[in-house]
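A short write-up of the structure that comes next.
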Amino acid sequence: MDIEWIFDIFCRLTNLDKSQAAGLKFLCEGAMDYVQFRLAAPVERENSCRVSFAAAALACYRLALLGLTGGSGSEIKIGDLTVKKAGMERLQAAESLCREAFDAIHDLTVDNQFAFKGV
Numbered sequence: 004m005d006i007e008w009i010f011d012i013f014c015r016l017t018n019l020d021k022s023q024a025a026g027l028k029f030l031c032e033g034a035m036d037y038v039q040f041r042l043a044a045p046v047e048r049e050n051s052c053r054v055s056f057a058a059a060a061l062a063c064y065r066l067a068l069l070g071l072t073g074g075s076g077s078e079i080k081i082g083d084l085t086v087k088k089a090g091m092e093r094l095q096a097a098e099s100l101c102r103e104a105f106d107a108i109h110d111l112t113v114d115n116q117f118a119f120k121g122v
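Sequential numbering from 4 applies to the sequence shown in my numbering.
Spelled out as structure tokens, the structure:
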């Protein structure tokens, strides 16, 4: 996966230009790490688009969570960017986008949450 491509998708999904979103790139990096952790094998070229989209969608969802829980005020400031608190509609839309993106890569992932306790 390419962080710049993920960041570009993230910017398009959030309608932010790259200079506005520069302080949010850490969300893309964290999402990329999470998606890589969930993958069963290295990403083949033909799957890179949907895997990168899933990482960008996860970054958008995390941004919506930040907007919802960003302190007592109506906005949070990250570098030069001010993020307004998200409403529940925005959070639900981001969650739906993220769920749909992860459904699209389900065949490429493993369930790291499962633990076999014994017979």
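Where a beta carbon is used, it is the ideal one built from N, C-alpha and C, also for glycine.
- Between the segment 98 to 113 and the segment 55 to 68, the count of C-beta pairs closer than 8 Å reaches three or more; the two stretches touch.
- For Ala97, the uninterrupted alpha helix (DSSP H) segment begins and ends at Met91 to Ala107.
- Taking the Cα positions, Ala67 is about 7 Å away from Ala97.
- Secondary structure at Leu42: strand, using DSSP grouped into helix, strand and coil.
- Residue pairing for Thr112: DSSP places it in a beta bridge opposite Leu42.
- Separation of Glu32 and Glu47 (C-alpha to C-alpha, rounded to the nearest whole angstrom) is 20 Å.
- When the five nearest sequence neighbours on each side are left out, the beta carbons in the same chain lying within less than 8 Å of the beta carbon of Asp20 are those of Cys14, in order along the chain.
- By the CB criterion at 9 Å, Leu111 and Ala44 fall inside the cutoff.
- Distance check between Leu69 and each of Ile9, Arg53 and Phe29 places Phe29 closest, using alpha-carbon atoms only.
- Here Ile9 really is in contact with Met35; their C-beta atoms are around 6 Å apart, less than 8 Å.
- Straight-line measurement puts the Cα of Phe56 at about 15 Å from the Cα of Asn18.
- Residue burial annotation: Val38 is buried, with at least 16 other C-beta atoms found within 10 angstroms of its C-beta.
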